[in-house]
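Visitor: Chains as they are written, first to last, in the working numbering: chain C, 985 to 1276; chain E, 91 to 527. Think of the CB as a built atom: it goes at the ideal place given N, C-alpha and C, for glycine as much as any other residue.
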Amino acid sequence: MLKKHKEYRTAYVMIAPLILVMLLFVMIPFVNSVVQSFKSINLTMPGQDHWIGFKNYTDIFQDQNILNALLNTFYYTVIAIVFEILLGLLIALMLRRAFRFRFLVLAVLIIPWSLPPLVGGITWAWIFNPQYGILNVVLYRMGIIHEYQLWTLHKDVTIGIISLVHVWKNMPFAAVVLLSFLQQIPKDLYESSSIDGASRWQSFRYITLPMLAPALAIALTMSTIAAINIFDEVFSINAFGLETRSIMIENYSIAFKDLRLGYGMAVSMVITLISLLFSWSYIRSTYRKEAV
Amino acid sequence: MLKKFYVAALVCFLSLSIVLTACSSGQNNNGAPSGTGAAPSKGDKPYAGQTIKFLVPTWFQYKPEFFKPFTDKTGITVEQEIMDWQQIHDNFVTASAANSPLADVIELDWSWVGQFGSAGWFETLNQVIPQDVQQDMGTLNIFKLKNDLVGVPASNDFRVYGIRKDRVGDKPVDTFDNLMKTAKEMKQSGVDEYPVSMTLAATEDLSTAYYGLVTAMGGRLFDDQWNLSVLDKNSPAYQALSYLFQLYNDGLIDPKALGLKSDEVGNTFRSGKGSIIIGYSPQGQKDSDDASKSKIVDKAVPILVPGTNGEHVSFGLPEGLGIPKNAEHKEAGIEFLKWLMQKDTMETLYNDYGVFPVRNSVVSDLFNQKKLKYGDIYAKQLQTMASLFPQGTPLWYSQFSTSVGTILNYGLKNKLSVDQTVQMLKKDFDKIDKSQK
């Protein structure tokens, strides 16, 4: 036992800085946030913080703005998951085989993902700008529209635009993760299935998909968390507009515009819990299938 | 094995040192930021060599040569940073909560005085701004919180309306009924498809445009017990909301205004679209007459806010400047503020940038020297200025105002009725903790 402890000593020392950094900058602030979420904290009333128990949490579920924001976030999440995974898988399948300039296509694919979210959001906001956006200019000159449009006039269209920007940014990550797992699938599995008379769809369904399960779990988890935390795209396209507000925009408004920090922390905890639940369910589902 | 352990320990120590150094905020023991600039030099330029950061919104963007006289006089360099008005608020909140200096002299809007003042984020200036200057400023009290002067007015912003005299001509726009009638005639005759220019974006600009309509119609936002006036259908606040909805629903305002902030609406007006602009200002008029910014030079004129019973009531939206408590160069920042308050500086600001002077003596001088174009209109309008909050600006004003802007925008976009929009306002207003004092 002692010998094993001595063997692991080096390993413990190596990971000690990481543990310390995680403690100082993640765990302690997290625990502090949890504690503060049970208080009434308003920056306009310094020194008057006081304990209010679960009131912040009960207020969340009676706050119509938060419930609307959660619903909008649900729409963003569903759209993001569907399109990011489907498009990501499609692109990964196309890029699996070698072809000329494949490396260039991969590099271009990654560009949206590498941009800061706000940069992408502002770029698209300019494209859709009602006064000088290029979309209006092109459609007007083609005669498709007869006057410049305010693309964010209707809620459904605005949510579509925001989702488009979000998928444009995050789909490359899903594609890259899926591609990396696709490339590890042994070719002889496909050869064997072909000899046994399996169709391309059957090969995809019974070989490719099961082998991609861990990658799908990762891609789904990241897509879901990114969509739940959507902020920059919403802010760039429609700022604090009520009809498209995401839960993160609402949280930002509560904490940094209204200066209600305690309530804002409670909302943050709820968002964290939702993200964790989704992640846990994906991973559990994936590893349960593997165990079977 | 032992050697491996020591190597590992050394690597850990070094990496931890790097991380802790990188995260250091450079603060000394009493919490004040280190590196507060060059040591004060002797003589009449005690802060020479220092550089102050001046953070203001887009309408206070001055050319570098504007600051030269100040730099020559004091040796202090001014580094101007421009940021969207709303972003200044949000950035300042996060910076102040983290006690991280954002700027040395920063925009302080009248609507932020309660919120930021009560949070204790600004230096008090009662003793540093000369008394004669303080007494010369009519809007100074707006920047006081319980007698502490937390900022000084920088721009005597107040609202007028603007018209394209080449399109409106002699048609009456002196009352709201006449304005509506004139706008409809212009639309029907094909003179202007969307004659009325006004921001309808979900921002503070829409809130203040609405407040302007309320005060112009002789009303208030709240009664003395802080009850929402708009709940009463007979109130000017309700009538103002109905009027706004009618302007939009009758097609007199371009639907694109739902996505345009006030400065974007101003740019659109100056590009030649729209004939009657709501939420105009002396600075807007200056820009309209600037050939580098406008295609309607000498075609737009300011007019008094339409009114009832011969009264034309407007309200002030003074913007100010303050010194954050965590500023790195407070004394140099104060010198800059004092220089901005000087009469000749204010005259330059008006002549070159259209910033309406905040000192009454400067306004009088410019008027007497006939340098105040449309001075007769402005002088008349300044005589009928209502206070938005006679009881004092509440600390929760910012939260309320954000609600108003977003709900009005939502109501217009989704074609809600006035009553439905009022109910949404009431719901949001009831959630506000009004015990903040």
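1) When we look at the beta-carbon of C/Phe-1112 and count the other beta-carbons within 10 Å, is it buried (16 or more) or exposed?
2) Nearest chain E C-beta to C/Pro-1101 closer than 8 Å, yes or no?
3) What residues from chain E crowd round C/Lys-1241, counting only those whose CB sits closer than 8 Å?
4) Would you say C/Val-1019 lies against chain E (beta-carbon separation less than 8 Å)?
5) Going by DSSP, what residue range makes up the alpha helix (DSSP H) through E/Phe-144?
6) Write down the C-beta distance between E/Pro-372 and E/Phe-446 rounded to the nearest angstrom, noting that I regard them as a contact closer than 8 Å.
7) Any idea what DSSP makes of E/Ser-297, helix, strand or coil?
8) Going by beta carbon distance, what residues of the same chain come within less than 6 Å of E/Val-286, once the five residues before and after it are set aside?
9) Should E/Asn-216 and E/Leu-239 be called a contact, given that it needs their Cβ atoms to be closer than 8 Å?
10) Sort E/Leu-100, E/Asp-264, E/Val-281 and E/Leu-331 by Cα distance to E/Ser-297 and report the nearest one.
11) Beta-carbon within less than 8 Å of C/Ser-1017's beta-carbon, same chain only, minus the 5 sequence neighbours each way: which residues are those?
12) What beta strand (DSSP E) runs, 3 residues minimum, are completely inside the region 181-208 of chain E?
13) I'd like the ranges of any alpha helix (DSSP H) spanning at least 4 consecutive residues and lying wholly in the region 1110-1196 of chain C.
14) If we ignore side chains and look at the alpha-carbon of each, how far apart do C/Leu-1148 and C/Thr-1270 end up?
15) Relative to the C-alpha of C/Pro-1096, which residue among C/Lys-1153, C/Arg-1229 and C/Asp-1216 is closest?
16) Using a cut-off of 7 Å between C-beta atoms, extract the partners of E/Gln-205 located in chain C.
17) With a cut-off of 8 Å, do at least 3 Cβ pairs link the region 1237-1244 of chain C to the region 1020-1035 of chain C?
18) Verify whether the separation of the beta carbon atoms of E/Asn-504 and C/Glu-1227 is less than 8 Å.
19) Give a yes or no on whether the C-beta atoms belonging to C/Ile-1063 and C/Leu-1204 are separated by under 8 Å.
20) What residues are listed by DSSP as bridge partners for E/Val-391?
21) To test your reading of the DSSP string, which unbroken beta strand (DSSP E) runs of 3 or more residues are found completely within the region 339-403 of chain E?
22) Tell me, which residues are paired with C/Trp-1035 by DSSP?
23) Going along chain C in order, which residues have a C-beta closer than 9 Å to the C-beta of E/Phe-497?
24) 8 Å is my cut-off, CB to CB: does C/Val-997 come that close to chain E?
25) E/Glu-354 versus chain C: which residues are under 8 Å apart at the beta carbon?
26) Establish whether the CB of C/Leu-1123 and some CB of chain E are separated by less than 8 Å.
27) Between the region 1188-1204 of chain C and the region 1150-1170 of chain C, do three or more beta carbon pairs fall short of 8 Å?
28) Please name the residue in E/Met-227, E/Val-183, E/Gly-139 and E/Arg-257 whose C-alpha comes closest to that of E/Glu-409.
29) C/Ile-1209: which of C/Val-997, C/Val-1121 and C/Ser-1259 sits nearest, CA to CA?
30) At a Cβ threshold of 8 Å, is C/Gln-1186 touching chain E?
31) Do E/Val-395 and E/Ser-404 have their beta-carbon atoms positioned less than 8 Å apart in this structure?
32) Hey, how far is the Cα of E/Gly-400 from the Cα of E/Thr-474?
33) Pairs of beta-carbons, one from the region 430-437 of chain E and one from the region 447-456 of chain E, closer than 8 Å: are there three or more?
34) Is the beta carbon of E/Leu-498 closer than 8 Å to that of E/Thr-483?
35) Quick one: Cα of C/Ile-1118 to Cα of E/Gln-375, how far?
36) Mapping the DSSP letters down to three states, classify E/Ser-124 as helix, strand or coil.
Guide: Taking the definition as stated:
1) With 16 or more other Cβ atoms within 10 Å, it is buried.
2) Look at C/Pro-1101: its C-beta is not under 8 Å from any C-beta on chain E.
3) Residues of chain E with a Cβ closer than 8 Å to the Cβ of C/Lys-1241 are, in chain order, His-179, Asp-180, Val-183, Ser-488, Gln-489 and Thr-492.
4) Not flagged as an interface residue toward chain E: C/Val-1019, since no C-beta distance is shorter than 8 Å.
5) Per DSSP, E/Phe-144 belongs to no alpha helix (DSSP H); it is in the beta strand (DSSP E), 141-146.
6) Contact between E/Pro-372 and E/Phe-446 holds: their C-beta atoms lie close to 5 Å from each other, under 8 Å.
7) Three-state DSSP puts E/Ser-297 in a helix.
8) Closer than 6 Å at the Cβ level, and outside the excluded window around E/Val-286, lie Ala-273, Leu-337, Leu-342, Ile-343 and Ile-366.
9) Taking 8 Å as the Cβ cut-off, E/Asn-216 and E/Leu-239 qualify as a contacting pair.
10) The shortest C-alpha separation from E/Ser-297 is found at E/Leu-331.
11) Beyond the five residues adjoining it in sequence on each side, C/Ser-1017 comes within less than 8 Å, by CB distance, of Met-1249, Ser-1252 and Met-1253 in the same chain, given in chain order.
12) Correct list: 195-199.
13) Within the region 1110-1196 of chain C, the complete alpha helix (DSSP H) runs of at least 4 residues are 1118-1125, 1139-1166, 1171-1179 and 1184-1187.
14) One C-alpha to the other measures close to 28 Å.
15) Selected option, being the one with the closest Cα: C/Lys-1153.
16) Chain C residues near E/Gln-205: Thr-1028 and Leu-1243.
17) Touching, yes.
18) C/Glu-1227 is positioned such that its CB atom lies closer than 8 Å to that of E/Asn-504.
19) No, the pair does not count as a contact, with Cβ atoms beyond the cut-off.
20) DSSP lists E/Ile-253 as the beta-bridge partner residues of E/Val-391.
21) Those beta strand (DSSP E) runs which fall completely within the region 339-403 of chain E and span 3+ residues are 366-370 and 390-393.
22) According to DSSP, which records beta bridges pairwise, C/Trp-1035 is partnered with C/Lys-1023.
23) First, the amino acid is wrong: residue 497 of chain E is Ile here, not Phe. Going along chain C in sequence order, the residues near E/Ile-497 (Cβ under 9 Å) are Leu-1226.
24) At a cut-off of 8 Å between beta carbons, C/Val-997 contacts chain E.
25) Simply Gln-1115.
26) It does not: the Cβ of C/Leu-1123 has no partner Cβ on chain E nearer than 8 Å.
27) Taking a contact to require three or more Cβ pairs closer than 8 Å, the region 1188-1204 of chain C and the region 1150-1170 of chain C qualify as touching.
28) Ranking the options by Cα distance to E/Glu-409, first place goes to E/Met-227.
29) The residue with the shortest Cα to Cα distance from C/Ile-1209 is C/Ser-1259.
30) At a cut-off of 8 Å between beta carbons, C/Gln-1186 makes no contact with chain E.
31) Yes, they are a contact pair.
32) Between E/Gly-400 and E/Thr-474, the C-alpha separation is close to 11 Å.
33) Enough Cβ pairs lie closer than 8 Å, so yes.
34) Their beta carbons are not under 8 Å apart, which means E/Thr-483 does not touch E/Leu-498 by this criterion.
35) Using only the alpha carbons, I get a separation of about 30 Å.
36) Residue placement at E/Ser-124 is poorly supported in this model, since its pLDDT is 38, which falls under 50; the coordinates still yield a value, given next. DSSP, read as helix, strand or coil, puts E/Ser-124 in coil.
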